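Student: Under my numbering, the sequence shown has 331 at position 345, and the numbering climbs by one with no breaks.
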Amino acid sequence: MGLSFSDKIILAPMVRVGTLPMRLLALDYGADIVYCEELVDLKMLQCKRVVNEVLQTVDYVSPTERIVFQTCEREKGCVVFQMGTADAKRALAVAKLVENDVAAIDVNMGCPKEYSTKGGMGAALLSSPEKIEEVLKTLVNGISKPVTCKIRILPTVEETVSLVKMIEKTGVAAIAVHGRKKEERPQHPVHCDFIKAIAEAVSIPVIANGGSQEIIREFVDIEAFKSLTAASSVMLARAAMWNPSIFRREGILSINDVIHDYIRHAVHYDNHYTNTKYCLCQMLRDQLESSLGKKLHAAQSTKEICEIFGMTTFYESFTLSQEARRESLNIINQGTLEFDDKNEEIVDATQLPVKFEKKDYLPQITPKMVLLEWCRKEKLPQPVYQTVQRSLDRFFHSVVTVNEKKYCSFLWDKSKKLAEQAAAIVCLRTLGLPEGKIGEGESDLVHKRKRKMQYQKVGSGNLSEVPQTKKLHQEDDTTEGKDKES
Ligand code: FNR
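#1: Taking all protein chains shown into account, do 16 or more other C-beta atoms lie within 10 angstroms of the C-beta of I161, making it buried, or fewer, making it exposed?
#2: Could you round the C-beta distance between I(-4) and D18 to whole angstroms and report it? I think they count as a contact, below 8 angstroms.
#3: Is the beta carbon of V40 less than 8 angstroms from the beta carbon of Y46?
#4: Mind the definition here: the region 121 to 139 touches the region 88 to 108 only if three or more C-beta pairs lie below 8 angstroms; say whether that holds.
#5: From the DSSP output, in three-state form, read off Y46 for me.
#6: Which ranges does the alpha helix (DSSP H) cover as unbroken runs of at least 4 residues, wholly within the region 229 to 254, from first to last along the chain?
#7: Using only the alpha-carbon positions, how far apart do I129 and L378 sit?
#8: What residue range does the beta strand (DSSP E) around Q490 cover?
#9: Please report the straight-line C-alpha distance between V192 and L214, rounded to a whole angstrom.
#10: Give me whichever residues DSSP pairs with C394 in a beta bridge.
#11: Using C-beta distances below 8 angstroms, list every residue in its chain close to R2, excluding the 5 sequence neighbours before and after it, in chain order.
#12: Over what stretch of residues does the beta strand (DSSP E) that includes S219 continue unbroken?
#13: For the alpha helix (DSSP H) holding M95, just list the boundary residues, first then last.
#14: Is there contact between the region 246 to 258 and the region 28 to 37, where contact requires at least three CB pairs shorter than 8 angstroms?
#15: Please report how far the alpha carbon of K182 lies from the alpha carbon of P(-1), in whole angstroms.
#16: Which residues does DSSP list as the beta-bridge partners of R35?
#17: Please go through the same chain and pick out, in chain order, the residues whose beta-carbon is closer than 6 angstroms to the beta-carbon of L404, but skip the five residues on each side of it.
#18: Exposed or buried, what is Y101 when buried is set at 16 or more other beta-carbons lying within 10 Å of its beta-carbon?
#19: Let me know the secondary structure DSSP gives T134 once reduced to three states.
#20: Checking the sheet assignment: what are the DSSP bridge partners for N195?
#21: Can we count S(-10) as close to the ligand FNR, meaning its CB is less than 7 angstroms from some heavy atom?
#22: So, helix, strand or coil for T373, using DSSP?
#23: Apart from the five residues on each side of it in sequence, which residues of its chain come closer than 7 angstroms, Cβ to Cβ, to I184?
#24: Just list the residues that DSSP pairs L25 with in beta bridges.
#25: Which residues share a DSSP beta bridge with P56?
#26: Please name the residue in L417, M8, S395 whose C-alpha comes closest to that of R60.
#27: Find out if the Cβ-Cβ distance for the pair S287, Y259 is shorter than 8 angstroms.
#28: By a C-beta neighbour count over all protein chains shown, 10 Å radius and 16 as the cutoff for buried, is M30 buried or exposed?
#29: Could you tell me the boundaries of the alpha helix (DSSP H) in which L(-3) lies?
#30: Let me know if G447 comes out buried or exposed under the rule of 16 or more other beta-carbons within 10 Å of its beta-carbon.
#31: According to DSSP, which residues form a beta bridge with K423?
#32: Using CA atoms only, rank isn't needed, just tell me which of D87, V340, L6 is closest to D399.
#33: Taking only heavy atoms of the ligand NAD into account, decide whether any of them is closer than 7 angstroms to the Cβ of N261.
#34: Could you compute how far the alpha carbon of L125 sits from the alpha carbon of D346?
#35: Report the option in S114, N229, L270 whose CA atom is closest to the CA atom of Q199.
#36: Using only the alpha-carbon positions, how far apart do K123 and M69 sit?
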């Protein structure tokens, strides 16, 4: 049986906010259904579907390796995929692409922002009832999951009710109504009377939306909004963005607790730190000028975000357990680097457990640049990077060749750029050269030269610092330009 939209409390679609960690948090706190952010049909059609076995997610990945939509088993029965479209054929193609990973498909017909209305999508659809009919009928007839749409109200109750009656006839499972006209802003009062008239005129579930701040400030207000609008269900956007624990029947939590819960999901699903930052800034909106807010604003990685909120121990232990999981999945060595049985050329490479930390370098002096500069000075051919990507989590590994010798990190990285920087660091460190790190002084240099001497005595000293030579495969099939995170 398909997802029912009767008597539900729902997380609204929100661009940038409605990514996987927020949706899971809303479910933890008691939301029944969660909508993803609006995703435009053309963008989705460029994506490939990949299963990430480490994170246990299904990712829709763009040609530039960016994750456009990420979902997991936990939300499969209650996540609604919202698309931006103005074309029935494209809409159906996207719906078919994601159909088996989501509970329902929604079409955005209410967003007044330019990114949505250009190309006739979002609220622009409200002035093309024939287009609405065509898109919705095509979806309803073409897929096996329920189809819904989300609209804004028209200038009069009569016009809105007439539009909604037409929409009902297309066979949609429910309709979400944001009780504002397309030119109205969030500070304008929500028109509960319009939603009520709609709810009384149709027999499909009507989902009332638009009550945040003015009516809904805590859980009990959700019921009040529902009564005012006579709707079957209620959908929350801003109230949930500011404090997702609004979904808790037991009462709202302090924003500090909520932030911790959010970060746990963000780390668990390897959410891009810029998205995590954006969502946390919405939750901390009153404190953005405080020292905490400023630190958050300056954060450059998930690790730094964890440090700011006192979650370093969690971050470290989770990262360790994730590494152990990678190993147990036996993928550490599956990056097409070690197929001796293929009889291809096998090379030796010096390896160190190195990761490139962006914050430790100036943008204009990265290890790759330092290495290139050094090669030029020494009149050596410029460094050559061979980078591969493994399928199980789409992580990258790079081997750099300098002066006919190969260097690489043991560790795999999220992006091609990071993997190459790590390889450059291994080379510079092994050769006892400066790496270009901020604050790297004369004493560091001396230290590195000493370390170089230690490296040569393999077997002595700290194990993690002793370069270990490993059989590596020369791989022709590099994945140029496939960064997941840049
Ligand atoms: C939105 N809204 C929105 N609506 C939609 O259909 N698709 C979308 O992707 C977005 N994106 C979005 C981002 C952000 C940051 C906000 C605040 C809002 C509109 C949203 O779903 C809702 O209709 C309105 O915010 C009104 O509901 P509330 O906020 O009063 O609960």
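We treat Cβ as the ideally placed atom computed from N, Cα and C, and that holds for glycine.
Predicted model, so just to flag it, every value in this text is computed and none were measured.
Tutor: The answer reads as follows:
#1: If you number the sequence shown from 1, residue 161 lands on position 175. Under this definition I161 is a buried residue.
#2: Your numbering for residue -4 matches position 10 in the sequence shown. Your numbering for residue 18 matches position 32 in the sequence shown. Yes, they are in contact, since the Cβ atoms of I(-4) and D18 sit about 7 angstroms apart, within 8 angstroms.
#3: Counting from one through the sequence shown, the residue named residue 40 turns up at place 54. Counting from one through the sequence shown, the residue named residue 46 turns up at place 60. Not closer than 8 angstroms, so no.
#4: Enough Cβ pairs lie closer than 8 angstroms, so yes.
#5: One-based indexing of the sequence shown puts residue 46 at position 60. Three-state result, Y46: strand.
#6: Entirely contained in the region 229 to 254, the alpha helix (DSSP H) runs reaching 4 residues are, in chain order, 241 to 254.
#7: By 1-based counting over the sequence shown, the position of residue 129 is 143. By 1-based counting over the sequence shown, the position of residue 378 is 392. Distance between I129 and L378, taken at the CA atoms: about 29 angstroms.
#8: The chain is shown only over -13 to 472; residue 490 falls outside these bounds and no answer can be derived.
#9: Numbered from its first residue, the sequence shown carries residue 192 at position 206. Numbered from its first residue, the sequence shown carries residue 214 at position 228. Looking at the two C-alpha atoms, the distance is approximately 13 angstroms.
#10: The residue you call residue 394 lines up with position 408 of the sequence shown. Within the DSSP secondary-structure output, C394 pairs in a beta bridge with Q337, V385.
#11: Locating residue 2 in the sequence shown gives position 16, counting from the first residue. Closer than 8 angstroms at the Cβ level, and outside the excluded window around R2, lie E23, N261, Y264, C265.
#12: Start at 1 with the first residue of the sequence shown, and residue 219 comes out as number 233. For S219, the enclosing beta strand (DSSP E) starts and ends at 219 to 222.
#13: For the purposes of this step, residue 95 is taken as the residue at position 109 of the sequence shown. Residue range 90 to 95 is occupied by the beta strand (DSSP E) that includes M95, with no alpha helix (DSSP H) assigned at that position.
#14: Fewer than three pairs of CB atoms, one per stretch, sit closer than 8 angstroms, so the region 246 to 258 makes no contact with the region 28 to 37.
#15: In the sequence shown, counting from the first residue as 1, residue 182 sits at position 196. In the sequence shown, counting from the first residue as 1, residue -1 sits at position 13. Inter-residue distance for K182 and P(-1) is about 22 angstroms (C-alpha atoms, whole angstroms).
#16: By one-based count along the sequence shown, residue 35 stands at place 49. BP columns for R35 point to Y46.
#17: Reading the sequence shown from its first residue, position 418 is the one you call residue 404. Same-chain partners within the cutoff: F342.
#18: Counted from its first residue, the sequence shown places residue 101 at position 115. When all chains shown are included, Y101 counts as exposed.
#19: Start at 1 with the first residue of the sequence shown, and residue 134 comes out as number 148. In the structure shown, T134 falls within a strand segment according to DSSP collapsed to helix, strand and coil.
#20: Numbered from its first residue, the sequence shown carries residue 195 at position 209. Note: N195 sits in a beta bridge opposite H164, M221.
#21: On the sequence shown, position 4 is the one that residue -10 refers to. Placement of the Cβ of S(-10) at a distance of 7 angstroms or more from every heavy atom of the ligand FNR is found.
#22: Position 387 of the sequence shown, counted from the first residue, corresponds to residue 373. Residue state for T373 is assigned as strand, using DSSP reduced to three classes.
#23: Residue mapping note: residue 184 aligns to position 198 of the sequence shown, counting from 1. Taken in chain order, the residues that qualify are T146, V147, V150, V163, V192.
#24: For the purposes of this step, residue 25 is taken as residue 39 along the sequence shown, with counting starting at 1. Bridge partners of L25: M69.
#25: One-based indexing of the sequence shown puts residue 56 at position 70. This sequence places Gln at residue 56; Pro is not what is there. According to DSSP, Q56 bridges with D45.
#26: Here residue 60 refers to the residue found at position 74 when the sequence shown is read from its first residue. Distances from the alpha-carbon of R60 to those of L417, M8, S395 put M8 closest.
#27: For the purposes of this step, residue 287 is identified with residue 301 of the sequence shown, where counting begins at 1. For the purposes of this step, residue 259 is identified with residue 273 of the sequence shown, where counting begins at 1. Result yes, Cβ atoms of S287 and Y259 sit closer than 8 angstroms.
#28: Counted from its first residue, the sequence shown places residue 30 at position 44. Buried.
#29: Taking the sequence shown and counting its residues from 1, the one referred to as residue -3 is at position 11. Here L(-3) belongs to no alpha helix (DSSP H); instead the beta strand (DSSP E) covers -5 to -3.
#30: The residue labelled residue 447 in the question sits at position 461 within the sequence shown. Low local confidence applies: a pLDDT of 32 at G447 is under 50, so the model's placement there is unreliable, with the coordinate-based value given in what follows. With fewer than 16 Cβ atoms within 10 Å of its Cβ, G447 is classed as exposed.
#31: Within the sequence shown, numbered from 1, the residue matching residue 423 stands at position 437. According to DSSP, which records beta bridges pairwise, K423 is partnered with Y347.
#32: Locating residue 399 in the sequence shown gives position 413, counting from the first residue. Just measuring C-alpha positions, the residue of D87, V340, L6 sitting nearest D399 is V340.
#33: Absent from the structure shown: the ligand NAD. Ligands present: the ligand FNR.
#34: As a position in the sequence shown, residue 125 is number 139, starting the count at 1. As a position in the sequence shown, residue 346 is number 360, starting the count at 1. Cα to Cα, L125 sits roughly 50 angstroms from D346.
#35: The sequence position of residue 199 within the sequence shown is 213, counting from 1. Among S114, N229, L270, the Cα nearest to that of Q199 is on N229.
#36: To locate residue 123, count along the sequence shown from 1; it is residue 137. To locate residue 69, count along the sequence shown from 1; it is residue 83. Going by C-alpha positions, K123 is about 15 angstroms away from M69.
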